[in-house]
Every structure is written in structure tokens, then in C-alpha cells.
Amino acid sequence: MNKVAIFAHYDKKNIIDDYVIFYVKELQKIARDVIFVSCCDLPEEELNKLDCYKLVQKHNEYDFGSYKRGFNFAKEKNLLKDCEELIFVNDSCYGPFKPLEKIFNQMSVTDCDFWGLTKNRIGFKKLKNGKVKDVYCPHIQSYFLVLRQSAFNSKSFEDFINSVEYQENKNDIILKYEIGLTKTLEKAGFKSDFAIKDFYKKNNPTIFKWRKLYEETDFPFVKCSVLRLQNYLHTTIEGWKELFTSEQILMIEKNLKYTSRVKPIRHRAPRFLKEFVMNVIPKGTSKRAAIARKLLVWFPVFID
């Protein structure tokens, strides 16, 4: 149990929603200390929903800005002195709906300095015209990242995390911080690993293969962006309720009421046809992929 978890939080309504409270309580089953870091203006009654360390500070540095603040808070409070693993997580997932203990037991016998739940083999690079191009660039995904003493006590990591600052767009955040962290630590000689190796050959399986990932592996989450329909041009969510209990569905739906990008549109097209269309759409940022997705916007028969 000598683990410390740092939870990065943001909510547009300045609340701590039920799914976040659930996630924090599950973390407390495997971590000795949880540091909840919010960049929202949270009232006292919201903070009282949690029984853990709480750090509230408005900033524009997204998850890694909260990770930075949580890490420095942990150092100041001497929480890392006998800490074996430092866990970075954010509020981008619903869950965990499967035991985290099983994954930590699995990873406890691996020879690595840092690990994650999943690893994305595709990254991107910025072109001179400002656009991005998909490239082979394996990296641990930062929504659930675990560092062992050798890594989080290193100068390489401390210099990296304290270099985090505001970035203008999400692509820069991914390039500099999510992809950048894996590159920085591996360049310094630290070994990485990841728990869920199924579907690794697919681009970002937490989105493109989210259903199979949840059904067929020990993966305990579903990404919020999937059910919020932010990825509707990459996957379908029809029948998602079949995967969860009534209590879990109520918790998720409570959050979806004010976070969904668009309301679900029910169509007569059967699920197998929707999934077939999603599988034949070119993946990535190519011109063909962009055209195919525009067609789905113009003729949204497959959106759900």
C-alpha cells in the first residue's frame, strides 16, 4: 500500500461529480494517500465530498499542470519518502469498474521503472504548415501512469514535470508532455511497460477498440470522451449500457447530462453496419480520413 496517487480534476460546473468520487474511493483501496488536484474554483461543500488531500489552484496547464502541483505537494508533505509507486490519473475515464488490485499485482512482477494501463504506438509530429502527421511513436498514455522510485526520484523526471507550462492546443500538450514524458524517461535509461497488451497494434485502442478492450480484458474503464460522443466519427456507442450495472449506468448518465457534446441520435441502421462503417473509415489525420469523416457529418445516419 506504499503508493501515492495524484488525481487531476476539472469540471465545467465547478463540482466534484459522483463518478469522480467513485474513482477516488477506488484509488484509496490501492493507495496509501490520494492527492486530489483541481484547477476549478470549488466551493467548500464540494471539497467536503472527498476524504483525502485536496489542492485547489486555478491554472491553464491541464492535467500535467495538476500532476506537477500534486507532485510538488507530495514532496513538501514528505509523502514520497517511503513511497514505492507514484500514480498519476485524471478524470477522463468512467470507472474503475474492475479491481485495480489485479492489475497492480500483475505489474508488481514486471521489471520496469514506469508503466501505464495502455500504450499507444501511434503519435504524430507537427508539420511546417501547423498541421500534424501520424507517425510511429510508442508512448505510455497519461490518463493512468505509474512511476516507481527510480523514476520519480530522478532529476530527469523532476526537471520534466517542473517544466510543464501552458500550451495553446491539445496537440502541443500531447507532444510535449504525454509523448514527451515517455521519451524523456526512456532517454534517461528508464524502462517502461504497460498492463493491457491486447489491441496494442491498433491506434489508440481506448477509443477505436474501447468496447472489446472492456469486454475482453481486465481494462477497468471506458473513456469519458467515447460516451460523451466526442469520438463519434471514430467509433459507435450503441448498446453501451449492456456492459455496466444499473448503478454504474446511473452514475455515468448523471455526468453525461451536462458533458455530452451532442445528444444521441437514434437511427435505424443496425449496430453491425455502424461498426462496419467505422472499421473501413481510414484512421488518422490523412486527407482520405478527413473526407470520410466529413461524409459522416453530412449524412449522420451512423452517429450514436
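Residues 0 to 303 (numbering that gives the first Met the number 0) make up the sequence shown, in order. Even for Gly, the Cβ is constructed at its ideal location relative to N, Cα and C.
Q | Simplified DSSP state of residue 265, which is helix, strand or coil | A | Low local confidence applies: a pLDDT of 46 at residue 265 is under 50, so the model's placement there is unreliable, with the coordinate-based value given in what follows. Note: residue 265 maps to coil in three-state DSSP.
Q.
Cutting at 6 Å between CB atoms, please list the residues of its own chain near residue 159, excluding the five before and the five after it.
A. So the qualifying residues of the chain are 183.
Q. Run through DSSP, which three-state label would residue 161 get?
A. In the structure shown, residue 161 sits in coil (DSSP, three-state: anything other than H, G, I, E or B).
Q: Under the assumption that residue 195 contacts residue 116 (Cβ atoms under 8 Å), give the Cβ distance between them as a whole number of angstroms.
A: Confirmed, about 6 Å.
Q. Between 127, 94, 174, which lies nearest to residue 119 when the distance is taken from Cα to Cα?
A. Each of 127, 94, 174 was checked against the Cα of residue 119, and the nearest Cα belongs to 174.
**Q.** Proximity winner among 254, 125, 134, 36, relative to residue 68 (alpha-carbon distances)
**A.** Per the Cα distances, 36.
Q) In the region 19-104, which residue ranges form an unbroken alpha helix (DSSP H) of at least 4 residues, counting only runs that do not cross its ends? A) List check, alpha helix (DSSP H) in window: 43-46, 61-75.
Q) So, helix, strand or coil for residue 12, using DSSP? A) In the structure shown, residue 12 sits in coil (DSSP, three-state: anything other than H, G, I, E or B).
Q.
Within 8 Å, do at least three Cβ pairs link the region 131-139 to the region 66-86?
A. Taking 8 Å as the limit for Cβ pairs, the verdict is that the region 131-139 does not touch the region 66-86.
Q. With which residues is residue 149 paired in a DSSP beta bridge?
A. Residue pairing by DSSP places residue 149 opposite no residue, since no beta bridge is assigned to it.
Q: Give every residue of the same chain whose Cβ lies closer than 8 Å to the Cβ of residue 253, excluding the five residues on either side of it in the sequence, and list them in chain order.
A: Result list for residue 253: 16, 17, 18, in chain order.
Q. Can you check whether the CB of residue 86 is closer than 8 Å to the CB of residue 190?
A. With respect to the 8 Å criterion, residue 190 and residue 86 are not classified as neighbours on the basis of their beta carbons.
(Q) According to DSSP, is residue 192 part of a helix, a strand, or is it coil? (A) DSSP places residue 192 in strand when its eight states are reduced to three.
Q | Expected contact under 8 Å - CB spacing of residue 112 and residue 149 to nearest Å | A | Your pair residue 112 and residue 149 checks out as a contact, with CB atoms roughly 5 Å apart and the cut at 8 Å.
Q. At which residue ranges does the region 175-236 contain complete alpha helix (DSSP H) runs of 4 or more residues, listed in the order of the chain?
A. Within the region 175-236, the complete alpha helix (DSSP H) runs of at least 4 residues are 178-186, 204-207, 209-215, 223-226.
Q.
Can you confirm whether the region 120-129 touches the region 37-57 when touching is taken to mean that 3 or more C-beta pairs between the two stretches lie within less than 8 Å?
A. No: fewer than three Cβ pairs fall under 8 Å.
Q. Does the beta-carbon of residue 45 have 16 or more other beta-carbons within 10 angstroms, so that it is buried, or is it exposed?
A. Answer is buried; the Cβ neighbour count reaches 16.
Q.
Given a cut-off of 8 Å on the beta-carbon distance, is the pair residue 93 and residue 226 in contact?
A. Yes.
Q) Counting along the chain, where does the beta strand (DSSP E) carrying residue 124 start and finish? A) If you look at residue 124, you'll find it in the beta strand (DSSP E) that goes 118-125.
Q.
Please report the straight-line C-alpha distance between residue 186 and residue 110, rounded to a whole angstrom.
A. Roughly 17 Å separates the two Cα atoms.
Q) Nearest-angstrom Cα distance between residue 25 and residue 188? A) Computed Cα separation, rounded: 32 Å.
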